[in-house]
Amino acid sequence: MVKRKASSSPSEPEVQGTPKRVHVEDWPAPLRARELAADFIKRVAASPHLCLLVPDKDADGLSSGVILYRTLIGLGKSAESIGVHHIGAGQRPGSRSQRRVFEKSGARWIIVLDQGSAPSPALTTTAERGWNAPEDDEEVVRTLVIDHHHVDDLDQAGPKGSLLVNASRHEPVATSSLLAWVICKPLLAEVIGEKEADDRLKYLAIIGTCGDLSTSVKWDPPWPDLSPELKRWGKSKIGEAVALLNAPRRTPLHDAHVSWDALMASKTPPDLLSTTTNPGLLRLAEARRQVKDETERCTHTPPKFSKDSRVALLTIDSPFQVHPSIATRWAGTLRGAKRLQVVMCANLGFGTVVTHSDEDEEKAAKIKEEGEDKTNMERYVHFSCRIAGSAKGRGEEVNIISILREYAALDPTFLKDLEATGHEGGFANGHVQAAGSILPRSFWDRFVSLMEIGIKAEGTSSSPSKGKKVAVQSNKLTAYFSQA
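Just so we're aligned, residue 1 is where the sequence shown starts under the UniProt record's numbering, counting upward by one.
Listed below in structure tokens is the structure:
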């Protein structure tokens with residue numbers, strides 16, 4: 001299914017393992033869904049009304065957004081009728097504060113890119129009527145989601161009323177930028193020709209894909225062979241561009257707009273590396289240096305292990321989003337741990353205060369403005385997980401999302417209590433190989449207790465459940481957030 005009806009009711013999620021291979025026509029996402037997305041984009045281009053692009057703030061999300069922007073311009077939409085919105089730290093498109101932004105924007109079209117596919121309320125009041133509402137409904141806001149993050153139930157995924165195109169079920173899982181390129185390139189080529197379309201879009205797909213999967217990505221079928229393009233620009237330059245683009249969103253300033261502006265101004269990857277063509281290069285470089293220094297400061301934190309030895313937890317306190325990189329670093333170092341499956345890094349200092357109502361949000365805004373003490377308001381804890389290198393070496397098929405939910409299920413009320421607070425961040429989001437979550441501090445403390453972190457096993461405990469040995473997939477998201 002590719003559409004989510006406004007009246008559909010949630011069903012019990014089923015944990016999915018590694019996606020199975022599908023017919024090549026359904027890669028990187030179902031053909032029918034891609035066709036509907038292409039038609040949606042053409043309708044946006046023909047409409048005089050505002051379209052709001054909502055890309056994630058990393059290299060993959062930003063590249064996806066620029067691909068959509070350039071495609072819409074090429075199809076004839078005016079720049080004045082395209083807006084771009086960067087969501088704040090710790091927020092989601094379906095968060096209460098973001099829905100308010102969308103409502104006030106006046107946009108009649110919203111395209112969300114690389115932001116996850118978790119179920120959420122409709123992004124505006126009229127968006128609930130559905131992306132495929134009757135053509136004569138002039139008030140409806142139509143929503144398209146292009147994504148590659150894990151989802152349990154496609155029928156219930158995404159914002160209510162949205163058209164969802166998700167690549168997570170189709171191995172090897174494509175990045176959001178590659179999915180966007182597959183959808184958009186034929187549309188643009190019809191108007192400006194194959195070569196010009198390639199010049200405008202292909203390098204963006206390269207940057208976005210290498211941002212998630214590193215420059216060592218394999219371009220084997222069913223992937224398009226973009227290796228000549230990567231060779232043309234050089235792995236080192238692409239890697240440098242990715243590191244610069246990823247840096248601002250990880251700083252306390254969270255100024256991803258600098259990265260967006262740099263990509264928008266570029267015509268080739270080298271343009272991103274020159275002050276002549278990238279006025280924001282000095283800020284990007286400074287952000288990268290800051291992130292590197294903070295990562296080095298926090299990376300020496302010693303891990304604590306769960307009682308069953310399956311999880312190693314590193315706890316840091318930083319205003320920088322360095323926890324994903326630290327989890328990735330440590331995942332490759334604890335190779336002697338015989339039962340270890342997941343390396344987790346939790347950041348107590350990143351993000352915003354927890355708000356569950358309009359009144360709370362007003363108070364939080366006042367605190368931010370006046371610099372008041374935040375100790376009386378609960379904060380979020382952000383954490384990221386990666387598969388331990390020792391588990392890979394044993395040939396285990398580790399599903400991080402499944403493991404996180406397994407621990408949460410030890411307390412039958414944990415997820416119910418979390419939902420009852422109005423928490424909008426969900427739980428265990430991302431990919432089966434690279435996942436994480438955002439929890440209020442009190443729930444994080446409960447989760448740590450459920451994992452029995454720091455508690456030694458009595459005597460010799462039984463070995464943790466292990467996955468079956470499987471053939472190694474060439475392109476996996478285990479390198480997610482690996483670029484510092």
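Glycine is no exception: its CB is placed at the ideal position from the N, C-alpha and C atoms.
Owing to the predicted nature of the structure, the values given are computational and were not obtained by experimental measurement.
Nearest-angstrom Cα separation, counted from A46 out to P440:
43 Å
| message | So if DSSP puts K304 in a beta bridge, which residue, or which two residues, is it bridged to? | response | L313
Exercise for the section: From the DSSP output, in three-state form, read off H382 for me. Expected result: strand
_Is it buried or exposed, residue 562, if we count other Cβ atoms within 10 angstroms and call 16 or more buried?_
Because the chain here runs from 1 to 484, residue 562 falls outside it and cannot be looked at.
- [ ] Within the same chain, show all residues whose beta-carbon is closer than 6 Å to that of C51, passing over the 5 residues directly before and after it, in chain order.
- [x] V44, I82 and W109
For this session: Assign I401 to one of three DSSP states: helix, strand, or coil.
Result: helix
Next item on the list: Using a threshold of 8 Å, state whether the C-beta atoms of A157 and S117 are closer than that.
Entry: yes
Every unbroken beta strand (DSSP E) within the segment 82-112, with a cutoff of 3 residues, ordered by chain: 82-84
What three-state label does DSSP hand L245 in the structure shown? helix
Based on Cα-Cα distance, which residue from R394, A434, F383 and V84 lies nearest to G61?
V84
Handout entry: Nearest residue (CA-CA) to G336, options L31, S95, N246 and K392
Key = K392
Where do the N-terminal and C-terminal ends of the alpha helix (DSSP H) with T328 fall, by residue? H323 to A331
Exercise. Return helix, strand or coil for residue 529, following the three-state DSSP convention.
Key: In this structure the chain extends from 1 to 484, so residue 529 is not present and cannot be described.
Applying the 10 Å Cβ sphere with the 16-neighbour rule, what's the burial state of R92?
buried
Distance, Cα to Cα, E396 vs D152? 21 Å
Is it right to say D199 is buried, meaning 16 or more other beta carbons lie within 10 angstroms of its own, or is it exposed? exposed
### Task
Run the CB neighbour count on P30, radius 10 Å, all protein chains shown included, and call it buried at 16 or more, exposed below.
buried
ask   = If you pair each beta-carbon of the segment 279-292 with each one of the segment 248-265, do three or more pairs fall below 8 Å?
value = yes
Item to check | Distance, R394 Cα to E332 Cα | outcome: According to the sequence as given, residue 332 is Gly; it is not Glu. Their Cα atoms are separated by approximately 13 Å.
- Task: Give me whichever residues DSSP pairs with N347 in a beta bridge.
- Result: I316 and H382
Notebook entry, point to check: Taking the C-alpha atoms as reference points, what is the distance between K456 and E294?
Noted result: 31 Å
* Asked: Hey, quick one: how far does the alpha helix (DSSP H) through residue 485 stretch, first residue to last?
  -> For the chain, the structure presents residues 1 to 484; residue 485 sits outside this window and is missing.
Taking its Cβ as the centre, do 16 or more other Cβ atoms sit within 10 Å of S264, making it buried, or is it exposed?
At residue 264 the sequence reads Met, which differs from the Ser that was named. So M264 ends up on the exposed side.
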